[in-house]
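As structure tokens, the structure follows; a few thoughts come after it.
Numbering (the working numbering), first residue to last: 2 to 365.
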């Protein structure tokens, strides 16, 4: 008696882009995978929307030399509202569209950077990354983000949170990847102006960080900036790792400072969350709070465990609110997480933890 083998449905991919070379390469590469197929390929967003309504793809792969208004409207009005994951194929020429990148950061779920000088070679080198991200995004959980009211500060005690055994202020370290641009915004927008300094590693292609930072700074009460080597970490400030460098926490006297490194990628990433978390564990120990958010892979899991072992309090975003649960899941499995929290409650839990200290840095 034979047992019928269940045939799993293939991942349906829509390929959109104004470059015939890129469209055809991605279509061919997708169709060469046993578990996915390109159900439609279109050169413009209007035709894409008609095809998407017909074929109902699981993932849209979108490439463009320039993020003109039609593409931005397509992302904002159609894809994001329909909760269809978008993988953006980014080229170097797009880096000049800073104002448009601010809007891009709100909608594309993940991206792959292809050097413009050698697009064909870059596509061939990056195809494994592209197909891997298609698989992950096909299972991503996209939803409309809740409207979150800012959390009010309970007196100005945060800047006085100093561990009596160390003369350095408390610091937050955050790490995120796929879906993290929105998750970070929802946390940072709730931070009061006197909160401890914040250091962030978010996986983004080089050149995209500045527009992401500008968008955050425009909506947050705290100051958000791209980290520079030697920046002193101040209360009420968030420092985002540039897309080309690792961000490490360092110390100068009694102050924390940003240290940038162009060392080799860690876990295939630069900036790497592990690099940030491990440096925070060494430098801040129990004077730190670690937060790991939505993202694919395992970057940050080991670093968060080291932070917890060093005395830091640690948080992980819960599965239900993650776009991709990979990074928090790995951190939980390694025993590096004190609290698992939905995104909508994350800022409140972080601030509640800080409010458990008195002005001398002692637990109440």
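The C-beta atom is built at its ideal place from N, Cα and C for all residues, glycine as well.
Exercise for the section: Can you say whether residue 300 is buried or exposed, counting buried as having 16 or more other CB atoms within 10 angstroms of its CB? Expected result: When all chains shown are included, residue 300 counts as buried.
Practice task
Could you tell me if residue 120 is buried or exposed, where buried requires 16 or more neighbouring beta carbons within 10 angstroms of its beta carbon?
Solution key: buried
Practice task
Find the nearest neighbour of residue 247 within the set 276, 223, 253 and 254, judged by alpha-carbon distance.
Solution key: Considering only alpha carbons, the answer is 276.
Handout entry: Heavy atom of the ligand SAH within 7 angstroms of residue 179 beta-carbon
Key = The ligand SAH is not part of this structure, which contains no ligands at all.
Handout entry: Limits of the unbroken beta strand (DSSP E) element including residue 252
Key = 247–253
Handout entry: alpha helix (DSSP H) segments (min. 4 residues) lying fully within the segment 289–333
Key = Under the rule that a run must span 4 or more residues, the alpha helix (DSSP H) segments found entirely inside the segment 289–333 read 302–310.
Exercise for the section: Rounded to whole angstroms, what's the CA-CA distance from residue 65 to residue 40? Just pull it up for me. Expected result: One C-alpha to the other measures close to 19 angstroms.
Problem - Limits of the unbroken alpha helix (DSSP H) element including residue 138 - result: Taken as a continuous stretch (DSSP letters only), the alpha helix (DSSP H) holding residue 138 covers 120–139.
Problem - Assigned secondary structure, residue 233 (DSSP; H/G/I helix, E/B strand, else coil) - result: strand
Handout entry: Burial state of residue 309 (16 or more Cβ within 10 Å)
Key = Burial is judged here by how many other beta carbons sit within 10 angstroms of a residue's own beta carbon; residue 309 has at least 16 and is buried.
Practice task
With DSSP as the reference, label residue 30 as helix, strand or coil.
Solution key: helix
Practice task
Give the straight-line distance between the Cα atoms of residue 338 and residue 16, rounded to the nearest whole angstrom.
Solution key: 38 angstroms
Exercise for the section: On the DSSP bridge assignment, give the partners of residue 210 in chain order. Expected result: Looking at the DSSP assignment, residue 210 forms no beta bridge with any residue, so it has no partner.
Practice task
Check whether the segment 130–143 touches the segment 248–266, taking contact to mean three or more Cβ pairs, one atom from each stretch, closer than 8 angstroms.
Solution key: no
Practice task
Could you tell me whether the Cβ atoms of residue 313 and residue 290 are closer together than 8 angstroms?
Solution key: yes
Problem - For residue 267, the first and last residue of its enclosing beta strand (DSSP E) - result: First-last for residue 267: undefined, no H or E at that position.
Problem - Three-state secondary structure assigned by DSSP to residue 178 - result: Coil at residue 178, not helix or strand.
Handout entry: Distance between beta carbons of residue 143 and residue 111, contact taken as under 8 angstroms
Key = So it is not a contact: roughly 11 angstroms between Cβ atoms.
Handout entry: Exposed unless 16 or more other CB atoms sit within 10 angstroms - verdict on residue 125
Key = exposed
Practice task
Specify the secondary structure class of residue 344 as computed by DSSP and reduced to three states.
Solution key: Residue 344 carries a helical assignment under DSSP once its states are collapsed to helix, strand and coil.
Exercise for the section: Sort 237, 195, 284 and 175 by Cα distance to residue 318 and report the nearest one. Expected result: Among 237, 195, 284 and 175, the Cα nearest to that of residue 318 is on 175.
Exercise for the section: Give the straight-line distance between the Cα atoms of residue 31 and residue 170, rounded to the nearest whole angstrom. Expected result: Roughly 50 angstroms between the two C-alpha positions.
Practice task
Might you give, ordered along the chain, the residues of its own chain that have their beta carbon closer than 8 angstroms to the beta carbon of residue 263, omitting 5 neighbours on each side?
Solution key: 245, 246, 247 and 271
Exercise for the section: State buried or exposed for residue 197, treating a residue as buried only when at least 16 other CB atoms are found within 10 Å of its CB. Expected result: buried
Practice task
Could you check which residue in 33, 49 and 38 has the C-alpha nearest to that of residue 13?
Solution key: For residue 13, the nearest C-alpha among the options comes from 38.
Practice task
Identify which residue in 18, 59, 24 and 36 has its Cα closest to the Cα of residue 47.
Solution key: 18
Exercise for the section: Following the continuous alpha helix (DSSP H) through residue 56, name the residue where it begins and the one where it ends. Expected result: It spans 46–56 - the alpha helix (DSSP H) in which residue 56 sits, taken as one unbroken run.
Practice task
Count the other CB atoms, across all protein chains shown, that sit within 10 Å of the CB of residue 51; report buried if there are 16 or more and exposed otherwise.
Solution key: exposed
Practice task
Give the secondary structure of residue 281 by DSSP, where H, G and I count as helix, E and B as strand, and everything else as coil.
Solution key: It is helical.
Exercise for the section: Taking only the alpha-carbon atoms, compute the straight-line gap between residue 194 and residue 188 and give it to the nearest angstrom. Expected result: Rounded to whole angstroms, residue 194 and residue 188 show a C-alpha spacing of 13 angstroms.
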